[in-house]
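One structure is given below, encoded as structure tokens.
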Amino acid sequence: MKNLKQFTFVICMLIAFSAFSQTKKDKKIISDAKDAKKALIKADAGLTKYFEKAAGYVLFPNVGKGGFIVGGASGNGVVYENGVAVGMADLKQLNIGLQAGGQAIIEVIFFETAVDLARFKEGNFKFSAEATAVAVESGVAVATQYNEGVATFALPKAGLMASASVGGQKFSYNAFY
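Those letters in the sequence shown? Residues -21 to -1, 1 to 156, by mature numbering (1 follows the signal peptide of the UniProt record, and there is no 0).
Okay, structure coming up:
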């Protein structure tokens, strides 16, 4: 009977630890997200207030965008609630219109309230076709306001693209637990 209890305890612990663990890929994205946050704040210290006061945010450290007339974007990110990582997110975008080139960016989406964040986590969130991200430059965050509970910023990492659109982006969310 004692062995059965010990065996049951070990199995329960293994299940519990595996439920809260991230994959190697997730850990790399989380590490990249920490570096991306530093890069964003270095580019514009005004973003600090968003990181500190937002109910939550999703940080995509590596979004690849590209296109010639027909374009797309893809990236993986980390969802934070009150500054704590709570899950992973996936970004997909497909659009048609005037665009040319390729680009790698850091994208961060801040949620003003818990309701706005919950809408994202429930899968009821996507950008309208005309949505754009604010390009991160020194001082720009101070003048930027939330729009319908959301503020989006993008920092180019490499490349050049004749488009700053985030319109049509769709997201999925997977909680850690």
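Even glycine gets a Cβ: it sits at the ideal position worked out from N, Cα and C.
In terms of alpha-carbon separation, which member of Lys21, Val49, Ala12 lies closest to Val42? Minimum Cα-Cα distance from Val42 among the listed residues Lys21, Val49, Ala12 corresponds to Ala12.
Determine the DSSP secondary structure at Val94, reduced to helix, strand or coil. helix
Could you tell me which of Phe150, Arg98, Leu26 sits nearest to Phe132, measuring between CA atoms? Leu26
Closer than 7 Å to chain B by CB, Tyr36: You won't find chain B in this structure, because it holds only one protein chain.
Assign Lys21 to buried or exposed, taking buried as 16 or more other Cβ atoms, counted over all protein chains shown, within 10 Å of its Cβ. exposed
Report back the beta-carbon spacing between Ala60 and Leu96 to the nearest angstrom; my notes put them in contact at under 8 Å. Here residue 60 is Glu; the residue named in the question, Ala, does not match the sequence. Yes, Glu60 and Leu96 are in contact; Cβ-Cβ is about 6 Å, under 8 Å.
Alpha carbon to alpha carbon, how far is Leu38 from Thr92? 17 Å
Terminal residues of the beta strand (DSSP E) in which Phe150 lies: Under the DSSP assignment, Phe150 falls in the beta strand (DSSP E) whose first and last residues are 149 to 154.
Would Phe99 and Ala33 be called neighbours here (beta carbons separated by less than 7 Å)? no
Check whether the Cβ atoms of Gly45 and Gly81 sit closer than 7 Å, and answer yes or no. Against a cut-off of 7 Å, the Cβ pair of Gly81 and Gly45 comes out as a contact.
How would you write the range of the alpha helix (DSSP H) that Glu31 sits in, first residue to last? 26 to 32
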